[in-house]
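Notes follow the structure.
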Amino acid sequence: PAVIREHRDCRWYSVSHLSVKERIDKKRTAALVGGGQKRIDAQHKKGKLTARERVELLLDPESFVESDMFVEHRCSDFGMEQDRNKFPGDSVVTGRGRINGRLVYVFSQDFTVFGGSLSGAHAQKICKIMDQAMTVGAPVIGLNDSGGARIQEGVESLAGYADIFLRNVMASGVVPQISLIMGPCAGGAVYSPALTDFTFMVKDTSYLFITGPDVVKSVTNEDVTQEELGGAKTHTTVSGVAHHAFENDVEALLNVREFFNFLPLSNQDPAPMRECHDCSDRLVHSLDTIVPFETTKAYDMLDIIQTIVDESDFFEIMPSYAKNIVVGFARMNGRTVGIVGNQPKVASGCLDINSSVKGARFVRFCDAFNIPIITFVDVPGFLPGTAQEYGGIIRHGAKLLYAFAEATVPKITIITRKAYGGAYDVMSSKHLRGDVNYAWPTAEVAVMGAKGAVQIIFRGKENQAEAEAEYVEKFANPFPAAVRGFVDDIIEPSTTRKRICRDLEVLASKKQINPWKKHANIPL
Amino acid sequence: MAAHRVSPSLNRLLFAVKYASFQSGGCAVHCNAQYSTVHSPSEKTFDKILIANRGEIACRVMKTCHKMGIQTVAVHSDVDSSAVHVKMADEAVCVGPAPTSKSYLNMDAIMDAIRATGAQAVHPGYGFLSENKEFAKRLAAEGVAFIGPDTHAIMAMGDKIESKLIAKAANVNTIPGYDGVVKTAEEAVKIAQDIGYPVMIKASAGGGGKGMRIAWNAEETREGFRFSSQEAASSFGDDRLLIEKFIDNPRHIEIQVLADKHGNALWLNERECSIQRRNQKVVEEAPSTFLDPVTRRAMGEQAVQLAKAVQYSSAGTVEFLVDSKKNFYFLEMNTRLQVEHPITECITGLDLVEQMIRVAKGYQLQHKQEDIPINGWAIESRVYAEDPYKSFGLPSIGRLSKYQEPLNLSNVRVDSGIQEGSDISIYYDPMISKLVTYGATRAEALARMEDALDNYVIRGVTHNIPLLREIITHPRFISGDISTNFLPEVYPDGFKGHQLDLDTRRELLASAAALYITAQLRSQKVLAIAAITAMAHLHGYIRVEVDGGKVEVSGQWNLASPLLPLTINGTHRTLQCLSRDASGRILLQYLGTSFKVRVLSKLAAEFNSYMPEKVPEDTSSILRSPMPGTVVAVSVKPGDPVAEGQEICVIEAMKMQNSLTAVKQAKVKSVHCKPGETVGEGDLLVELE
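This is the structure in C-alpha cells:
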C-alpha cells in the first residue's frame, strides 16, 4: 500500500487496471467452462451438448453476442455465498445472434451449473433478452435443460419463473417463441415452454412433467418411468404438448435452424420469402389421379401437400399427434405458408377433439404472424360418440371454427373430396371469409354422406338404393356449391400449385381488420 | 465463371463431409432411328382396332394405329380406368375388375366390347390372350381379324412338346430331351437320369420363365417338379411339364421373323437376350456381339423354315440357345409381338406393328430378305418396379410420385404405359418401361444408355435402375462376354449396388458437399430482410477438398430439380438428389446406385461425435414379407423349432412363388399370417424366439 500511495498519479491506476483486466479475463474464462470440465464431460457422456455448444451450433458462426456473462446469483444461504458456489453467468447463457443472417434472441440453460436450476439472476437474464427481443421485434429461442427451481433461493426463484411467464404471455403473438427441451424440465418450469408457440423435444434425453415419477408414485401409486410420463414420445404422440421430437441435440438444433427460416421475425414483418428454384406455374400431373374413384378409399394428404409446395419441402408440426389433421409450414413460390389438411388416411380425416385443437392453435399462429393459410379439405364430419361428446367436442371443435373465422391473413381453400356437414363450414369455408375457395372435380359438398341423408329424407320408404343414387347424382359433386358461389371455381387438380401461387401474389396486399376489442374470447 | 474457394469466404461453413455409407435400396416413341418404311395412306387396312391389352404395349400399338389413321379401342379393368392406354384410345371399354382373370383375360367381356364398338380387328399385344387359341377361334367365328398368326400356328407353337417335334421335322436344331409329358416326380427323376444332368423342367404351356426349374440331381428334380407344376397350374391353368437337357452357360439369342399369308417369310436378324434373372430378360440388344454372318444366316434360315412349316403369318420370334461353340438349339417360338421388339425396329427401320396389321389384312410383305439391314446398334433395358437388391429383383408396388423419362436425350426411345401419379399395383406386371437407346455403334448406344439411366427420374417405387446401370457398364458386358448365367456369375453373393473406389467416392462426397453448401447459402437469400450479412456467391462453381484431394464441382444448381447435371473435375455426370434433410442427410443417386451421405459443418461433425448411437431393432428373429403378395403356405406354427434355412412360408407375388426361410436356428414365437392373406412389403409374418 505504501508504494501505491507514493506513485498515486498513474501507477495506482495502472495496477488496478491490470488487476481488473485480469479479473475480467478470469471471469470470462470461468464463464466459458460453466460448471467445469468434469460436469461438461458428464453432460457429453449423457449424449448432450453443453449450453454454449448448443448456442454455437444453433447460430451462424461468430454471430453470437452474449449478455450478462458476469451476472452471478445473489443467494447467501446454505453456503451459496462461498466463492466456489459462484459461477459467472450463473446457470444460463443468454444473448442474441443470427440464423442465416436473421436476428434471434437465445437463452440456453446450463445443466453443468447447479443442474441448470433457475435462480433469480438466471430468470433476470432471460427476462432481459426477452424484453430486448420485444423491443426490436425478433424471435426468442429457449434451450431448456434445467432441474427446476433453485431451491436455496426459495421464493426468489418462483418469482423468476413468474417474471418469465409474464414475458412469454406479453410476447405471445408479437414475436415467435420457440422452446427446445434438451434435458429435464419439470414442475412450474414447464409452463414457459407451454406458453411459447412451439415446443420441440430431443428423444431419450428430455422430459417435461409437472411432477416426476417419484411424486406420482407417492400420490397415485402409479408406477411410471420418466420416459413414459414425460418423454418425447409421450408428448408428441399422446399429450400433444410437444410439436416435434428429434433424435439428438445436433439434429434438433439443425432442424430448429431450418424451422426458423419459415418464420417472420415479428408480427410487424411479412412472411419471409426465400429464393425459390421451383417454378410457380409447375403443373402437378400426378394430382389428377390422386383421389381414388371409390369414395371410401383413402389416400395420403401428404402426397398432395408435398407435390404442391416448393421443392416438396414441408415442415410438419405435430406429425405424430392427431394425425387425422395435417398442419405445417411450407413455401409457395418462396413465400412461407401454413398448410392445414384433413388426412383421409387416418380416421377418414374426421375432425375430433385433438385434431380441432391442433388445427386451431396452428391457424392462430399463422394469423398472428402474417402467414397465409392454405387449407386442403377432405372431411366426412365430426367424429360421433360419447367419448367425443363427453370430452367436449362442441367446445373444442368451436376453437378451430373460431380460429379460421377470426383469421385475417390470406386464406385459400381447396376441397379435394368430401366437405360434409358442419365440418365443411369449419374448414376455412367461403362463409368464414375464405379469400379463394376451389373445388376439385372430385369434391362433394353436402350436409352428409348419401347413405345417411337418404335414411333421413326417405325414412321407412322403399327404394332407398334408388334414392341414394339420386342423392349422389345431385350432391356428390362440386356443382351445388359452385352454383351458389361457395367455391370460386372448379379446377383441374394439376393446376392447383399454379393457382395458389398466383392467388398469393394478389393477396399479398390483403388488408382486413376485425372489430376493435380488448381481446377476443375464444372458447378455451 | 469465377472460382470461389470455399474455405475463406464461408469461414466456418467449411463443410466437412462426415461419412458416406452405402445404402441398399434405395411414353412416347421418340426414337431418332426413324422407321424407314413410310406408311402409304392408300393401302387400306382396318377402320377400327381393339387392343386387348394394357400398359406400354397397348400404347405402343395405338401409336402405330394413329399413324395409320386407324381408330383405337382400349379395354381396361376398373382400376385402370384412368390409365394412359385408356386416355390414348379413341374409345375405351371396361371389361371387369382388377384381377386379370376377370378383366384382361375375360374373353366374354372382350368379345362384347368388340361387338359394342364395331372393331374390325384385335391386336392382343403380348401376354394375356396373345397366344390363346380359344380367343383366336372366337374372333374368327365372328369375322374379326386377329392381328397375329392363325390358330393352327398358335396351337402348334404354343405347346412346347409339339413345337419341338415340328421343329425337328422342319430340320431345325433341337435340344436333346424327352418328347412327352412327365407325370410324376419319380418319372421326372428317371428321365433326368436318362438324359443326363443338368436338366431343365418346364411347363409345357409356359413362357416367360414361369414354371421353370433347373435340377442338378435327383432331389432337385423332385423339388423342381413340385414347384414347376404348382406355378404352371397357377400361371397357365395347365400343370403339364416336360424335361430336357439343360445347356450350361448358354446364350439366349432369338430371331425375329415376319411372314404373310402368301407363304412369304423373312428373318429380321437377331436379338441377344442373355442377360436374365430367373429366366426373365433384363437387358437385350440387337444385333448380338456373338454371331458372325454365317451363324446369323443359318439361324435366320432355320427360323424361316419353321415359320413356313406352320404356315406362320404375322410377326413371331424363334428363340434359340447358343452354346460357346456357336451351336444353336431351338428353344421355342413365340407367336406374338415380343416385349423386346423395339430394338429390332431400331436396327431394321421396320415398324413391326404396322407390318402385323398389314399382314392381318392380307397384304403381302413389302420387303425381300436382302432389304433387311442391320443399321447401327440398339440396347433395351427393362425398367421394373422391383428391388434389385433382393434376388436381382423382387416386385415392389407404389405410386409414381414423380416420374420423368429421359426423352430430352437424343436417340432414346421409351415405351411406357404409365405416367406421374400412376399406381404400380400387385395385379399386373411391374414393368415401368422399356428404355431403348440407339447408336451407330454399340459403344455409342451403351454410352447413351448410361446417360439415359442417369436422367431417368422415378420416385415412389423401388426400381432396378441401379442393376441396369451396373450391367451395361460391366467390363464383361461391354466386351460381350455374357451368357444367361451372367448375373449369378458376376454377383455370386447377390447384387449390392455400385461399389465406390477412391475416385468415385471422392466425386460423390464432393457433389454432396457442394449440394449442401448450395442449399445452405440459398437459406440466406431471404427477400425483404434488410439486415442480411454479406455472403459469398458461388456462381455454381465449388471447390471441395476431400481427404486432401481437390475436386471441382460446377453446375446449374436447381434445388427443386430431381436431376443434378454436374461437371465434376471436368467430367459430366448427372446425379439425382433423392432426398435431403435439415440434419445434413443427403440421399444421392450416383452411377445408378443411391448412396446415403451425411454432410455436417466441422462444428456439427465435432459435436455429433458426442451423440449416442441408437441401436436399431434386431431383425434376425423377425421375418417380414420382402414384397407385396399373397401368402400361399405357412409351414410352421408357434413353438416349432426351425433350422437355419428351413422354409417358413411361401409368398406368391406376380404369379411367382417365393419361399422364405429362417436365417437362424430358433423356435417359432408367433405366426402373424395365414394362407390366402394379402401382405404388404415389410409386413411381419413370423417371429422367432
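Going down the list, the sequences are from chains A and B.
Here the first sequence stands for residues 1 to 524, numbered as in full-length UniProt numbering.
Here the second sequence stands for residues 1 to 689, numbered as in full-length UniProt numbering.
Cβ atoms here follow ideal geometry from the backbone N, Cα and C, with glycine treated the same way.
Only a predicted model underlies this, so the values are computations on that prediction, with no experimental measurement involved.
Local Cβ density within 10 Å of residue i, reported as buried at 16 or more and exposed below that
i, result
"residue 403 of chain B", "buried"
"residue 299 of chain B", "buried"
"residue 534 of chain B", "Reliability fails at residue 534 of chain B, whose pLDDT of 41 lies under 50, so the model's placement of it is uncertain and no value is given."
"residue 293 of chain A", "exposed"
"residue 272 of chain A", "buried"
"residue 332 of chain B", "buried"
"residue 476 of chain B", "exposed"
"residue 31 of chain A", "buried"
"residue 627 of chain B", "buried"
Backbone CA spacing between residue i and residue j [nearest angstrom]
i, j, result
"residue 216 of chain B", "residue 177 of chain B", "15 Å"
"residue 240 of chain A", "residue 321 of chain A", "6 Å"
"residue 337 of chain A", "residue 62 of chain B", "44 Å"
"residue 522 of chain B", "residue 274 of chain A", "8 Å"
"residue 96 of chain A", "residue 157 of chain A", "24 Å"
"residue 336 of chain B", "residue 678 of chain B", "33 Å"
"residue 301 of chain B", "residue 441 of chain B", "26 Å"
"residue 243 of chain B", "residue 192 of chain B", "7 Å"
"residue 675 of chain B", "residue 630 of chain B", "8 Å"
"residue 521 of chain A", "residue 35 of chain A", "46 Å"
"residue 71 of chain A", "residue 41 of chain A", "24 Å"
"residue 505 of chain A", "residue 612 of chain B", "46 Å"
"residue 145 of chain B", "residue 128 of chain B", "17 Å"
"residue 529 of chain B", "residue 102 of chain A", "For residue 529 of chain B, the predicted structure reports a pLDDT of 49, less than 50, and the residue's modelled location is therefore unreliable. The matter cannot be settled from this model."
"residue 59 of chain A", "residue 487 of chain B", "51 Å"
"residue 512 of chain A", "residue 408 of chain A", "6 Å"
"residue 282 of chain B", "residue 392 of chain B", "10 Å"
"residue 27 of chain B", "residue 381 of chain B", "Bear in mind that a pLDDT of 34 at residue 27 of chain B, under 50, signals an unreliable position, so the number given afterwards is only what the model happens to contain. Using only the alpha carbons, I get a separation of about 15 Å."
Alpha helix (DSSP H) segment containing residue i, residue limits
i, result
"residue 228 of chain B", "218-236"
"residue 610 of chain B", "Where residue 610 of chain B is concerned, there is no enclosing alpha helix (DSSP H), given that its DSSP letter is neither H nor E."
"residue 168 of chain A", "155-171"
"residue 381 of chain B", "Where residue 381 of chain B is concerned, there is no enclosing alpha helix (DSSP H), although the beta strand (DSSP E) it sits in stretches over 377-384."
Strand pairing of residue i, partner residues [DSSP]
i, result
"residue 201 of chain A", "A/181, A/245"
"residue 318 of chain B", "B/255, B/333"
"residue 48 of chain B", "B/71"
"residue 251 of chain A", "Its beta-bridge partners do not exist; DSSP assigns none."
"residue 144 of chain A", "A/181"
"residue 92 of chain A", "A/109"
"residue 123 of chain B", "B/51"
"residue 418 of chain A", "A/444"
"residue 589 of chain B", "B/576, B/594"
Limits of the beta strand (DSSP E) - the one that residue i falls within
i, result
"residue 576 of chain B", "571-580"
"residue 496 of chain A", "Element bounds for residue 496 of chain A: not the beta strand (DSSP E) but the alpha helix (DSSP H), 496-507."
"residue 109 of chain A", "102-109"
"residue 554 of chain B", "549-555"
"residue 128 of chain B", "Element bounds for residue 128 of chain B: n/a, residue is neither H nor E."
"residue 437 of chain B", "431-439"
"residue 377 of chain A", "373-379"
Assumed close pair residue i, residue j - CB separation to whole angstroms, cut-off 8 Å
i, j, result
"residue 466 of chain B", "residue 661 of chain B", "No, residue 466 of chain B and residue 661 of chain B are not in contact; Cβ-Cβ is about 25 Å, not under 8 Å."
"residue 509 of chain B", "residue 546 of chain B", "5 Å"
"residue 200 of chain A", "residue 152 of chain A", "Between residue 152 of chain A and residue 200 of chain A the Cβ distance is about 30 Å, and since that is not below 8 Å, they are no contact."
"residue 606 of chain B", "residue 632 of chain B", "At roughly 53 Å, the Cβ-Cβ gap does not stay under 8 Å, so residue 606 of chain B and residue 632 of chain B are not in contact."
"residue 249 of chain B", "residue 483 of chain B", "5 Å"
"residue 76 of chain B", "residue 95 of chain B", "7 Å"
"residue 722 of chain B", "residue 180 of chain B", "Outside the shown range of chain B (1 to 689) lies residue 722 of chain B, about which nothing can therefore be said."
"residue 320 of chain B", "residue 254 of chain B", "6 Å"
"residue 90 of chain B", "residue 54 of chain B", "In fact, because the Cβ distance is near 16 Å, the residues do not count as touching under 8 Å."
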